[in-house]
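S.K.:
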Amino acid sequence: MNSTIISVRHLVKNYGNFQAVKGISFEVQEGEIFGLLGPNGAGKSTTLEIIETLRPKTGGEVIVDGFNLDKQPNHIKKIIGVQLQTSGYYPGLNLLQLIQLFCGLYNRKVDPMELLEMVNLKDKAKAQVKQLSGGQKQRFSVATTLINQPRIIFLDEPTTGLDPQARRSLWELIKQIRDKGTTVIITTHYMDEAEYLCDRVAIIDAGKIIAMDAPDQLIDDLVASGFERPKEMKMANLEDVFIHLTGHSLREE
Ligand code: ADP
Ligand code: MG
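Heads up, the sequence shown is in the working numbering, so the first residue is 870 and it goes up one at a time.
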């Protein structure tokens, strides 16, 4: 723990006259789940795609596992796993065939059934992506990030649009991946998700990082500044009621 695997310094991205990322700097430690939090349009996806080598930057420096993005992008590509939009998969192939296709592209030998078992999709091996529920699609797309046995995976809003059971199941999968030693960078605008999953978060607003720390520390700092919740919190919230009544098990059929 505590060795830096991603270092971003003074990163700038302009789209024409518009500056979407305004000179942000942060480091990600090996083995952590690092969250980029922020409202829509904050610059989260832009930042991620630059680190993933998929989008050119305007300025600044990015180092991933010792490799400089400007000089060694192909080295970076080899050690990262990027989540694709599920609409991007070849529609005629089933899950097993898609994994085999990726294995060929990456020149890796992976047991497809083992991978599907890890994401709880073994019984869907012969199904096509369009036949999967939202949560299953997301779990499959997370599985595909693992095929090249990456050191780091990037997840851009992986739980958006999922029901509470599917979100929780994806959270457990992400924790499981991290527990095997993979570093995870995730974007979200769900604070409960960030609080549950992330070791550290950077809060981005309008292209700038306005806070960065462990979620607990950010909460403690706010409380220490004199902040109090306007009304007393109940011991549970509506989501607790929902999960209590409907259970944790996935509803995907
Ligand atoms: P987030 O992922 O936090 O919602 P994005 O990184 O997608 O934010 O976008 C940051 C800002 O950059 C937004 O204002 C968005 O409209 C703008 N933007 C993103 N992509 C492009 C693009 N290809 N061309 C022009 N503006 C863009
Ligand atoms: Mg985005």
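Quick reminder that beta carbons are idealized off the backbone N, C-alpha and C, glycines included.
Indicate whether the contact test is met: 3 or more Cβ pairs, each with one atom in the stretch 1009-1024 and one in the stretch 945-961, closer than 8 angstroms.
M.R.: Counting Cβ pairs under 8 angstroms, three or more are found: they touch.
S.K.: Taking 7 angstroms as the cut-off, decide whether the C-beta atoms of alanine 1071 and leucine 905 are in contact.
M.R.: Yes.
S.K.: Three or more C-beta pairs under 8 angstroms: does that hold for the stretch 979-999 against the stretch 1055-1062?
M.R.: No contact exists between the stretch 979-999 and the stretch 1055-1062.
S.K.: Pick out the complete alpha helix (DSSP H) segments inside the stretch 1029-1056, 4 residues or longer, and give them in chain order.
M.R.: Runs of the alpha helix (DSSP H) inside the stretch 1029-1056: 1033-1048.
S.K.: How far does the beta strand (DSSP E) with glutamine 888 in it extend, from its first residue to its last?
M.R.: Taken as a continuous stretch (DSSP letters only), the beta strand (DSSP E) holding glutamine 888 covers 887-898.
S.K.: Could you tell me if methionine 1104 is buried or exposed, where buried requires 16 or more neighbouring beta carbons within 10 angstroms of its beta carbon?
M.R.: By the neighbour-count rule (16 or more Cβ atoms within 10 Å), methionine 1104 is not buried but exposed.
S.K.: First and last residue of the alpha helix (DSSP H) that includes phenylalanine 971?
M.R.: Note, phenylalanine 971: alpha helix (DSSP H), 964-975.
S.K.: Let me confirm a value: isoleucine 1088 is counted as buried when at least 16 other C-beta atoms fall within 10 Å, else exposed. Which label applies?
M.R.: Exposed.
S.K.: Is the closest heavy atom of ligand 2 to the C-beta of lysine 978 under 6 angstroms?
M.R.: Every heavy atom of ligand 2 is 6 angstroms or more from the Cβ of lysine 978, so no.
S.K.: Buried or exposed for serine 872, going by 16 or more other Cβ atoms inside 10 Å?
M.R.: That one is exposed.
S.K.: What does a CB cutoff of less than 8 angstroms around glutamate 896 pick up in its chain, not counting 5 residues either side in sequence?
M.R.: Thr873, Ile875, Ser876 and Val877, listed in sequence order.
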